[in-house]
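Numbering (the numbering used here), first residue to last: 116 to 430.
Using N, Cα and C, we set each Cβ at its ideal position, and we do this for glycine too.
Given below as structure tokens:
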């Protein structure tokens, strides 16, 4: 009887669902790899060597952080491809690909660009996030997690979190924990200050995990195995099967609203992580989505690895 009631409620939620279209979009000068939203500004990193800064009230580009070009093995100058961007207290953190595919890490502050880790260190950093004003978390392609002190220029720790290639890494909103996922489907929770493993989840994914979202004790993962997995404190882990590769996931600050890419048409499916009920769809992307960022319970942005970033307003 209980299963019948749950099925009936899920059916009602589907019948009540509708398609939501983007309210507006922002256009970067290159293909967007990552973006971050702070207060009234959005910082979009791209493959043309710039971080484009948009004022969200005017929806116009108001600044552009330009990285130096990279010299190739054939002695040609090309634009630096940017891997990740983050923002904290007036500082922009940037990771770009340098010579021989090794990484450069930059801090942009007070209209000045400073290189804090150069390609000569031979690191393959995939993502970098501010832990604090002076400390930065690096996640490398080889699944090393590094806590770097940018002021003293040394690594506080360097941990081999996995022996598989890094899928994604994410800091909790309070910056106390790190979730790391990899190509084996493993999901691990680490203490950000010490790098000690707090929990290894019994993975719901059986293949490469592309993306992870973490908020208010809830973890979502997006997998090559066409599964979107949900991990919640005090509740049984589960996954939802999609009819296409799940490239990206997102969570509202309260974790009451989740979203994942669900179809070959690259629609974004809203759902309730607790009840598993599906809601409205966000329709507008025509390429695989690579980033989803909620800014509150009713507003979010998403990008698809091309020039446009979409803004969505939920009912």
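{"Item": "Check for me: the beta strand (DSSP E) holding residue 328 runs from which residue to which?", "Value": "324-330"}
{"Item": "Report the rounded CA-to-CA distance for residue 427 versus residue 313, giving the unit in angstroms.", "Value": "35 Å"}
{"Item": "Please list, in chain order, all residues of the same chain as residue 182 whose beta carbon is under 6 Å from its beta carbon, the five residues on each side excluded.", "Value": "164, 195 and 211"}
{"Item": "Kindly list the residues whose CB is nearer than 8 Å to the CB of residue 277, restricted to its own chain and excluding five residues on each side of it in sequence; keep chain order.", "Value": "258, 295, 297, 299, 301 and 303"}
{"Item": "Within the same chain, show all residues whose beta-carbon is closer than 6 Å to that of residue 397, passing over the 5 residues directly before and after it, in chain order.", "Value": "135, 383 and 427"}
{"Item": "Please state whether DSSP places residue 235 in a helix, a strand or coil.", "Value": "helix"}
{"Item": "Inspect the beta-carbon positions of residue 328 and residue 282 and report whether they are closer than 7 Å.", "Value": "no"}
{"Item": "Let me know the beta strand (DSSP E) ranges lying completely inside the stretch 153-187, each 3 residues or longer, listed in chain order.", "Value": "156-161, 165-170 and 175-181"}
{"Item": "If you count every other CB in all the chains shown that lies within 10 Å of the CB of residue 388, and 16 or more means buried, which is it?", "Value": "buried"}
{"Item": "With DSSP as the reference, identify every bridge partner of residue 429, one or two as the case may be.", "Value": "None, per the DSSP bridge assignment."}
{"Item": "In this structure, how does DSSP classify residue 140 when only helix, strand and coil are distinguished?", "Value": "strand"}
{"Item": "Under the assumption that residue 146 contacts residue 161 (Cβ atoms under 8 Å), give the Cβ distance between them as a whole number of angstroms.", "Value": "6 Å"}
{"Item": "Have a look at the DSSP bridge pairing and note the partners of residue 109.", "Value": "Residue 109 lies beyond the stretch modelled for the chain, which goes from 116 to 430, so this question has no answer here."}
{"Item": "Give a yes or no on contact between the stretch 365-375 and the stretch 335-349, applying the rule of three or more CB pairs nearer than 8 Å.", "Value": "yes"}
{"Item": "Residue 299 by DSSP, collapsed to three states: which one?", "Value": "coil"}
{"Item": "Who are residue 134's beta bridge partners in DSSP?", "Value": "396"}
{"Item": "Measure the CB-CB distance between residue 201 and residue 208 and report whether it falls below 7 Å.", "Value": "yes"}
{"Item": "Please report the straight-line C-alpha distance between residue 140 and residue 408, rounded to a whole angstrom.", "Value": "14 Å"}
{"Item": "Would you kindly check if the distance between the Cβ of residue 275 and the Cβ of residue 264 is under 7 Å?", "Value": "no"}
{"Item": "Can you find the residues in the same chain that come closer than 6 Å, C-beta to C-beta, to residue 231, ignoring five residues on each side of it along the sequence?", "Value": "220, 222 and 265"}
{"Item": "From what residue to what residue does the beta strand (DSSP E) around residue 409 run?", "Value": "406-409"}
{"Item": "Per DSSP, residue 223 forms a beta bridge with which residues?", "Value": "207 and 228"}
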